[in-house]
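Numbering (our numbering), first residue to last: 14 to 305.
Where is the CB? At the ideal position from N, CA and C, for every residue including glycine.
Just so you know, these numbers come straight off a predicted model, no measurement behind them.
Here is the structure we will look at, set down as structure tokens.
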Amino acid sequence: MSSFLLCIVHGIVVPRRQLLHVVGASCTGLLVVPHRKCLALTVDPSLTDEDGLFVVDPRKALAGLTDPDSEPVGAYSTISAALSVAPRDATVIVRPGMYTEQVIITRPVKLLADAGAVLTWKTDRPYEHALTVSLVEGGEHDHVLISGLSINHHSRSVAQNYAVFVPVPSSAEADRVRILLKQCDITSSSGSGVGVEGGDVSLEQCRVTACQNHGIIYVGSSARGVVEKSSVEKCKLNGILLRDGASPLLRSNRLAGNAQYGIALFDCRGVLEGNDLSGNGKGGVSGECDLD
Numbered sequence: 014m015s016s017f018l019l020c021i022v023h024g025i026v027v028p029r030r031q032l033l034h035v036v037g038a039s040c041t042g043l044l045v046v047p048h049r050k051c052l053a054l055t056v057d058p059s060l061t062d063e064d065g066l067f068v069v070d071p072r073k074a075l076a077g078l079t080d081p082d083s084e085p086v087g088a089y090s091t092i093s094a095a096l097s098v099a100p101r102d103a104t105v106i107v108r109p110g111m112y113t114e115q116v117i118i119t120r121p122v123k124l125l126a127d128a129g130a131v132l133t134w135k136t137d138r139p140y141e142h143a144l145t146v147s148l149v150e151g152g153e154h155d156h157v158l159i160s161g162l163s164i165n166h167h168s169r170s171v172a173q174n175y176a177v178f179v180p181v182p183s184s185a186e187a188d189r190v191r192i193l194l195k196q197c198d199i200t201s202s203s204g205s206g207v208g209v210e211g212g213d214v215s216l217e218q219c220r221v222t223a224c225q226n227h228g229i230i231y232v233g234s235s236a237r238g239v240v241e242k243s244s245v246e247k248c249k250l251n252g253i254l255l256r257d258g259a260s261p262l263l264r265s266n267r268l269a270g271n272a273q274y275g276i277a278l279f280d281c282r283g284v285l286e287g288n289d290l291s292g293n294g295k296g297g298v299s300g301e302c303d304l305d
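Rendered as structure tokens:
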């Protein structure tokens, strides 16, 4: 039987082959480690390429290799497989291809996608997102970067129906991590493109299009960040919705062709600067922010 380590703080199972050294432990079968007693891990360099990057390549999936424990050195068939072993502050490179999976990021990492890398998750089950950033560790000097990824989503949810979901961080330390989506294309045929319910979350040069509900939502008093130089178009409700104390800066965005308003504001503290609003069904901006 293969040996594993289950580290509760990350909520993932890591095959023993993927650990170079486990301090103070020698285990067989399954070892369950309480999160306050997680053992120090050193990543085996054979799990990365020669530049120390974790590379995801869909050709491995076509070869029928779905278990990261059996894959060739330094290559992974899924984004989730690479993230399961990538340590804090690692860089994961996603090669072009279609990735049909749910991706969950729990620690500060860089996820850099080549042109043509598409993450898709379509299901009849509710409350399933294509990408979730739910941090359990990190601090004010840490960053999560998701760059260049196309994201397609469908899930039959009544609430929290988002292609990309950022829930309220689990700790004050995780709340200080800056999360950036850059040059991503995002759509949801069942809900909204991006849902931010807490944390410092920014979008830069992203395209959010043809969502069934809103394009981007910031909701809650801890939801903040910057949306800039992005386009939100052809959504069936509002382009961007801010409510319940959310306080992002919306700057130099294009909001066009959305069925309701380009930007809808409800009991929020956001700031609007230089946005281009045109052709939205009910007008450019609805409501106003409380700046007191």
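Residue i versus residue j: straight-line alpha-carbon distance, rounded
| i | j | result |
| --- | --- | --- |
| D62 | V68 | 7 Å |
| V244 | A187 | Correcting the residue type first, residue 244 is Ser in the shown sequence and not Val. In a straight line, the C-alpha of S244 is about 28 Å away from that of A187. |
| G228 | Y89 | 31 Å |
| G149 | A99 | Here residue 149 turns out to be Val, not Gly, going by the sequence shown. Using only the alpha carbons, I get a separation of about 15 Å. |
| S299 | G129 | 36 Å |
| S93 | Q218 | 25 Å |
| D64 | K123 | 14 Å |
| V136 | N174 | Sequence check: residue 136 is Thr here, not Val. When rounded, the distance between both Cα atoms is 12 Å. |
| Y159 | K195 | Rather than Tyr, the amino acid found at residue 159 in this sequence is Ile. The straight-line gap from Cα to Cα measures roughly 6 Å. |
Residues near residue i by beta carbon distance below 8 Å, same chain, minus five either side
| i | result |
| --- | --- |
| T200 | I164, N165, H166, A176, G206, V221, T222, A223, C224 |
| E286 | L262, L263, R264, S265 |
Close-in-space but distant-in-sequence residues of the same chain around residue i (CB under 6 Å, 5 per side omitted)
| i | result |
| --- | --- |
| K247 | T222, A223, G270 |
| C281 | L255, R256, A259, C302 |
| S83 | Residue placement at S83 cannot be trusted, given a pLDDT of 47 that sits under 50; what the coordinates show is reported in the next sentence. Cβ neighbours of S83 beyond the five flanking positions: none. |
| A126 | V107, G161, L162 |
| W134 | Q115, A143, H166 |
| G110 | P71 |
| Q273 | L250, N251, G294, K295 |
| N226 | G204, S205, L250 |
Cβ-based burial, residue i [other Cβ within 10 Å; buried from 16]
| i | result |
| --- | --- |
| A95 | buried |
| G211 | buried |
| E141 | buried |
| S184 | exposed |
| V284 | exposed |
| E241 | buried |
Residue i: CB within 7 Å of a non-hydrogen atom of the ligand SAM
| i | result |
| --- | --- |
| V209 | Absence of the ligand SAM from the depicted structure is noted, as is the absence of any ligand whatsoever, leaving it without description. |
Integer-rounded CB distance, given that residue j should sit under 8 Å from residue i
| i | j | result |
| --- | --- | --- |
| N288 | N266 | 5 Å |
| I276 | L263 | 7 Å |
| T104 | S147 | Their Cβ separation, rounded to whole angstroms, is 20 Å, which puts T104 and S147 out of contact at 8 Å. |
| V181 | S97 | Not quite, the Cβ-Cβ distance comes to about 24 Å (not below 8 Å), so this is no contact. |
Reference residue i, options the options, closest by Cα
| i | options | result |
| --- | --- | --- |
| R191 | L144, E153, A172 | E153 |
| Y112 | D127, V122, T91, A103 | T91 |
| S168 | V149, S203, L194 | S203 |
| G252 | K242, I230, V239 | I230 |
| S170 | R138, D213, L194 | R138 |
| L268 | S97, L124, G297 | G297 |
| S215 | G233, N174, V179, S234 | V179 |
| C197 | D213, V131, L60 | V131 |
| V279 | V232, L66, L60 | The sequence shown places Phe at residue 279, rather than the Val named in the question. For F279, the nearest C-alpha among the options comes from V232. |
| D172 | G208, T145, L193 | According to the sequence shown, residue 172 is Ala rather than Asp. When only C-alpha atoms are compared, the closest one is G208. |
Nonlocal neighbours in the same chain, by C-beta distance under 7 Å from residue i, ignoring five residues either side
| i | result |
| --- | --- |
| P121 | R101, D102, G151, D155, H156, V157, V190 |
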